[in-house]
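Those letters in the sequence shown? Residues -22 to -1, 1 to 196, per mature numbering (1 follows the signal peptide of the UniProt record, and there is no 0), in order. We put the CB at the ideal spot given by N, CA and C, even for glycine.
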Amino acid sequence: MNRTFSSVLLASSLLAAAPAMAGDIFQWQSNSLTYLNGRDFAVNPANQQTFTFEHADSWKYGDNFFFVDKIFYNGKGDATAGDNTYYGEFSPRLSLGKIFGQKFEFGPISDVLIAATYEFGEGDNESYLIGPAFDLKIPGFDYFQLNFYQRQTEGNRPGDGVWQITPVWSYTIPMGKSDVLIDGFMDWVVDTTTRRRVVLITPTCTSTRRSNMTWARH
């Protein structure tokens, strides 16, 4: 599907990095709310507005990622979802290094994990994914993850029992007093039964201004 996005970032990415909480169970968390105005969609109604809430955190035994999209079709209806719909994913990962208190490092690999994802939405959209994952040390990147999943889909949809590869990345570019953050993920689904390959790429670009403000406790 062809997409041209404009008017990105309604809430200028709330990105609240919270410190350790609940006795160091959670190490950090980040939340963001964004708005996208999309045009020239080939499958759904051509014009769409999408509100997205994202949450990411790292905790004592792994990390979590969650997002949910609320999509409006500007008064026009989709064949299956009406004039609006929703879609989301929840992706927890368990770190073998954190669980066993040992380093699972070799070559570019900095950790070995067990990854899972639950996909949900309106209509026949539920899928369950699980498989191995690797955190990689790549120079210049804030982080780079490589997740391998086997997909289990609800109902009679294609793609059941096939493999999906999902790299996740973050890269920060300093520019004067600001930082430009480029992050995102790609889902590559290979369905050998129908000879179809599905590739979904969702990069984002966010600019944040560095602050020299310090807080004093009295």
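**Prompt:** Going by other Cβ atoms of all chains shown within 10 Å of its Cβ, with 16 needed for buried, is Leu107 buried or exposed?
**Reply:** Here residue 107 refers to the residue found at position 129 of the sequence shown. Buried is the call here.
**Request:** Could you tell me the distance, in whole angstroms, from the CA atom of residue 205 to the CA atom of Pro110?
**Result:** With the chain covering -22 to 196 only, the question about residue 205 has no answer from this structure.
**Per-residue burial, Met(-2) [other beta carbons within 10 Å of its own, 16 or more giving buried]** = The residue labelled residue -2 in the question sits at position 21 within the sequence shown. Unreliable positioning characterises Met(-2) in this predicted model, as indicated by a pLDDT of 49, which lies under 50. The coordinate reading is nonetheless provided below. When all chains shown are included, Met(-2) counts as exposed.
**Asked** Looking only at DSSP bridge pairs, what is Asp106 linked to?
**Response** Taking the sequence shown and counting its residues from 1, the one referred to as residue 106 is at position 128. Note that residue 106 is Tyr in the sequence shown, not Asp. DSSP, once it has assigned bridges, lists Tyr96, Gln130 as partnering Tyr106.
**Message:** What would DSSP say about Arg71, mapped onto helix, strand or coil?
**Reply:** Working through the sequence shown from its first residue, we reach residue 71 at position 93. Three-state result, Arg71: strand.
**Message:** Distance check for Arg129 and Glu97, CA to CA, integer angstroms please.
**Reply:** If you number the sequence shown from 1, residue 97 lands on position 119. If you number the sequence shown from 1, residue 129 lands on position 151. Distance between the alpha carbons of Glu97 and Arg129 is about 10 Å.
**Prompt:** Which residues bound the beta strand (DSSP E) around Ala34?
**Reply:** On the sequence shown, position 56 is the one that residue 34 refers to. Ala34 -> beta strand (DSSP E) spans 26 to 37.
**Asked** In whole angstroms, what is the alpha-carbon distance linking Asp61 and Glu67?
**Response** In the sequence shown, the residue the question calls residue 61 occupies position 83. In the sequence shown, the residue the question calls residue 67 occupies position 89. Cα-Cα distance, rounded: 21 Å.
**Asked** Does the Cβ of Ile49 have 16 or more other Cβ atoms within 10 Å, making it buried, or fewer, making it exposed?
**Response** If you number the sequence shown from 1, residue 49 lands on position 71. Classification for Ile49: buried.
**Asked** Distance, Cα to Cα, residue 262 vs Phe4?
**Response** Outside the displayed span of the chain (-22 to 196) sits residue 262, for which this structure offers no information.
**Asked** Does DSSP put Phe78 in a helix, in a strand, or in coil?
**Response** In the sequence shown, residue 78 corresponds to position 100, counting from 1. In the structure shown, Phe78 sits in a helix (DSSP, three-state: H, G or I).
**Asked** Under the DSSP definition of a beta bridge, which residues are partnered with Gln142?
**Response** Here residue 142 is taken as the residue at index 164 of the sequence shown, counted from 1. In DSSP, Gln142 forms a bridge with Tyr127, Val167.
**Prompt:** For the beta strand (DSSP E) that contains Asn42, what are its first and last residues?
**Reply:** Position 64 of the sequence shown holds residue 42. Where Asn42 is concerned, the enclosing beta strand (DSSP E) stretches over 40 to 50.
**Message:** Going by beta-carbon coordinates alone, are Phe29 and Tyr13 separated by less than 8 Å?
**Reply:** Taking the first residue of the sequence shown as position 1, residue 29 is located at position 51. Taking the first residue of the sequence shown as position 1, residue 13 is located at position 35. Yes; because the gap between Cβ atoms is below 8 Å, this pair is in contact.
**Message:** Which residues does DSSP list as the beta-bridge partners of Gly66?
**Reply:** Numbered from its first residue, the sequence shown carries residue 66 at position 88. Bridge partners of Gly66: Val46, Phe98.
**Prompt:** Sorted by chain position, which residues of the same chain lie with C-beta nearer than 6 Å to residue 208's C-beta, five sequence neighbours on each side aside?
**Reply:** The displayed coordinates of the chain run from -22 to 196. Any statement about residue 208 would go beyond what the structure contains.
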